[in-house]
Amino acid sequence: MGSNNIPYPELYYRIYPKVIDTISKNIKEVPIEEDILEEDIDKMIDEVFEEIVKECPEIGEDPMERRQRPFRYRNRQRIYYGRERLVKDIIGIILISELLRRRYPYNHGYGLWY
C-alpha cells in the first residue's frame with residue numbers, strides 16, 4: 365500500500381497531452397491579474413474534443429445522443445449527459461486544473477519552521 369503510483373483512467377492519458385498542447389498554442393502565459401474568458405475556455409475544450417474524436421471516433425458517435433424521448437419525458441428540463449457532454453466535462457476539468465496550476469505554481473517558500 366506504500367505506492368503513490370495510482371493509475372489514471374486511459375482517457376486521461378489521451379486527453380492530458382492534448383490539453384497541454386492546446387493551452388501552449390492558445391495562451392503563452394496565464395496572467396494572475398486578468399481572467400481568461402469563458403469563450404476562450406470553451407474554444408479550447410472544443411479543440412481538444414475534436415482531436416480526441418479523430419483519435420477515438422466512437423466518442424463522437426453516441427447512439428443515445430439524438431434519440432427522441434417519449435413525450436412525457438420531453439417536458440422535463442433535465443440535461444442529457446451523453447458521451448460528448450461527459451468527455452467535454454472531463455476535458456474542461458483537466459483544462460481548468462492545468463490553467464490554475466500554471467497561474468499559481470507551487471512555491472517551496474521558506475519551509476516549515478520559518
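This note's numbering numbers the first residue of the sequence shown as 365 and each following residue consecutively.
Each residue gets a CB set at the ideal place from its N, CA and C atoms; glycine is no exception.
Item                                                                                                                              : Value
Hey, which unbroken runs of the alpha helix (DSSP H) at 4 residues or more fall wholly within the region 403-430?                 : none
Report back the beta-carbon spacing between Met408 and Leu450 to the nearest angstrom; my notes put them in contact at under 8 Å. : Not a contact, Cβ separation roughly 18 Å.
Do you know whose CA, among Ile423, Arg465, Tyr468, lies nearest Gly446's CA?                                                     : Ile423
Determine the extent of the alpha helix (DSSP H) in which Gly488 is found, giving its start and end residues.                     : Here the chain covers residues 365 to 478 and nothing more, so residue 488 does not appear.
Using DSSP with H/G/I as helix, E/B as strand and the rest coil, what is Leu401?                                                  : coil
At what residues does the alpha helix (DSSP H) containing Ile379 begin and finish?                                                : 374-390
If you check the beta carbons only, do Glu415 and Lys382 fall under 8 Å apart?                                                    : yes
Is it true that the CB of Cys420 sits closer than 8 Å to the CB of Arg465?                                                        : no
What is the rounded straight-line gap between the Cα of Ile454 and the Cα of Asn390?                                              : 19 Å
Thinking C-alpha only, which one of Glu462, Leu401, Asn369 is nearest Thr386?                                                     : Glu462
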